[in-house]
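So the structure is just underneath, and the comments pick up after that.
There are 2 protein chains.
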Amino acid sequence: MIQLNHRDSRPIYEQVKDALGKLVVSGAVRQDEKLPSVREMATTLAINPNTIQRAYRELESEGYIYTIPGKGSYVSPQSYVSNIYKESLYRQLDKTAEELLSLGEPLSSMVDRLKKLSGKEMPHRDPSKKSDENL
Amino acid sequence: MIQLNHRDSRPIYEQVKDALGKLVVSGAVRQDEKLPSVREMATTLAINPNTIQRAYRELESEGYIYTIPGKGSYVSPQSYVSNIYKESLYRQLDKTAEELLSLGEPLSSMVDRLKKLSGKEMPHRDPSKKSDENL
DNA sequence: TCACTGTATTAACACATATAATACAGTTGA
DNA sequence: TCAACTGTATTATATGTGTTAATACAGTGA
Chain V
710 MIQLNHRDSR
720 PIYEQVKDAL
730 GKLVVSGAVR
740 QDEKLPSVRE
750 MATTLAINPN
760 TIQRAYRELE
770 SEGYIYTIPG
780 KGSYVSPQSY
790 VSNIYKESLY
800 RQLDKTAEEL
810 LSLGEPLSSM
820 VDRLKKLSGK
830 EMPHRDPSKK
840 SDENL
Chain F
710 MIQLNHRDSR
720 PIYEQVKDAL
730 GKLVVSGAVR
740 QDEKLPSVRE
750 MATTLAINPN
760 TIQRAYRELE
770 SEGYIYTIPG
780 KGSYVSPQSY
790 VSNIYKESLY
800 RQLDKTAEEL
810 LSLGEPLSSM
820 VDRLKKLSGK
830 EMPHRDPSKK
840 SDENL
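See the structure below:
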């Protein structure tokens with residue numbers, strides 16, 4: 710389910726948090742699905758239960774999962790999870806763009822950049838047809 | 710020149726690095742201008758010279774400043790500094806946008822978002838005139 | 001030469017991370 | 001009811017990074 714990288718300098722609880730967060734956001738684990746218990750996950754990853762607990766606690770405080778004491782931890786409603794995550798990404802986008810603007814970079818450069826990304830990301834339509842250039 | 714925040718959880722050497730980096734990138738300190746010596750900066754900020762040295766070393770390894778042993782540290786050529794920093798920001802922009810795309814967010818939403826930012830950032834023209842909507 | 005500069009090394013301490021060993025209370029099903 | 005799960009909390013210990021401290025050495029320039 711999750712793969713740890715012990716060469717990574719980031720704290721383990723953060724790696725667990727990020728990895729699990731991606732599974733939740735991507736929908737790989739579904740709404741209201743039960744996550745492995747703290748102890749089970751700790752055994753699987755061969756790390757301490759306290760470390761897992763910390764990752765779960767932070768994911769819960771950010772809204773990605775919810776916990777029923779005595780029962781387990783579950784994935785929050787998909788639409789909610791998706792929204793809070795996209796919001797955080799948009800805030801990040803704003804921040805970076807604002808800094809580029811303050812350095813005199815024109816908006817057109819950024820937009821061009823995004824368009825190229827989009828073409829690279831979704832090569833579903835025939836690239837010889839230039840029909841989606843204006844979006 | 711630099712203001713430290715001891716409540717900030719980030720390491721001091723990182724705060725120094727960021728603050729100095731911004732001064733360099735913004736042009737507040739000019740190309741080939743001499744930076745305060747390691748010991749001088751340490752005295753001013755009331756911290757250890759080793760901590761400053763680390764900040765300087767990393768800034769140098771990333772190209773923002775250059776050092777002449779026995780003389781001092783100096784700001785790298787403005788055009789170069791500006792380029793490597795903008796590049797790093799564009800990479801950040803790409804990364805965020807790619808993730809939003811992978812979550813199904815349309816390119817148009819991101820572009821709209823950037824346009825609103827731009828308007829907020831440069832309120833020089835009369836906002837009642839809607840002449841710059843298409844950039 | 002003398003007073004600067006950057007650089008390097010070693011030791012000591014504080015703090016965050018992580019492990020370890022327990023303990024307690026809620027839930028569930030036999 | 002009882003046993004085996006669950007989440008949660010606490011305390012102690014080990015380790016690594018950040019930071020300070022005290023030196024030392026070599027290059028620069030007046």
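Residue numbers (my numbering), protein chains in the order written: chain V, 710 to 844; chain F, 710 to 844. Every residue gets a Cβ at the ideal spot worked out from N, C-alpha and C, and that includes glycine.
Would you say GLU767 (chain V) lies against chain F (beta-carbon separation less than 9 Å)? no
How about ILE756 (chain V) and GLU771 (chain V): do their beta carbons lie closer than 9 Å? no
Strictly under 9 Å for the Cβ-Cβ distance: is THR847 (chain F) near chain V by that measure? The requested residue 847 (chain F) does not occur in the structure, where chain F is confined to residues 710 to 844.
Given that a residue counts as buried once 16 or more other Cβ atoms are within 10 Å of its Cβ, and exposed if not, what is TYR765 (chain F)? buried
What is the DSSP secondary structure of ILE793 (chain F), counted as helix, strand or coil? helix
Quick one: what's got a C-beta closer than 6 Å to VAL738 (chain V)'s C-beta in the same chain, skipping five residues either side? LEU732, VAL784
Helix, strand or coil for TYR765 (chain F), going by three-state DSSP, please let me know. helix
Taking the straight line between their C-alpha atoms, what separation do you get for LYS838 (chain V) and ARG822 (chain F)? Low confidence applies here, because LYS838 (chain V) scores a pLDDT of 46, under 50, leaving its location unreliable; read the following figure in that light. About 27 Å.
Just to confirm, is the Cβ distance from LEU754 (chain V) to LYS726 (chain V) under 9 Å? no
Are the beta-carbon atoms of LEU809 (chain F) and LYS795 (chain V) separated by less than 9 Å? yes
Nearest to VAL747 (chain V) by CA position, among V:PRO758, V:GLN740, V:ASP741, is which residue? V:PRO758
Does DSSP put SER811 (chain V) in a helix, a strand or coil? helix
Give me the chain V residues within the contact set of SER827 (chain F), using Cβ-Cβ distance strictly less than 7 Å, ordered along the chain. LEU810, LEU816
Do LEU729 (chain V) and ILE721 (chain V) come within 9 Å of each other at the CB atom, strictly closer than that value? no
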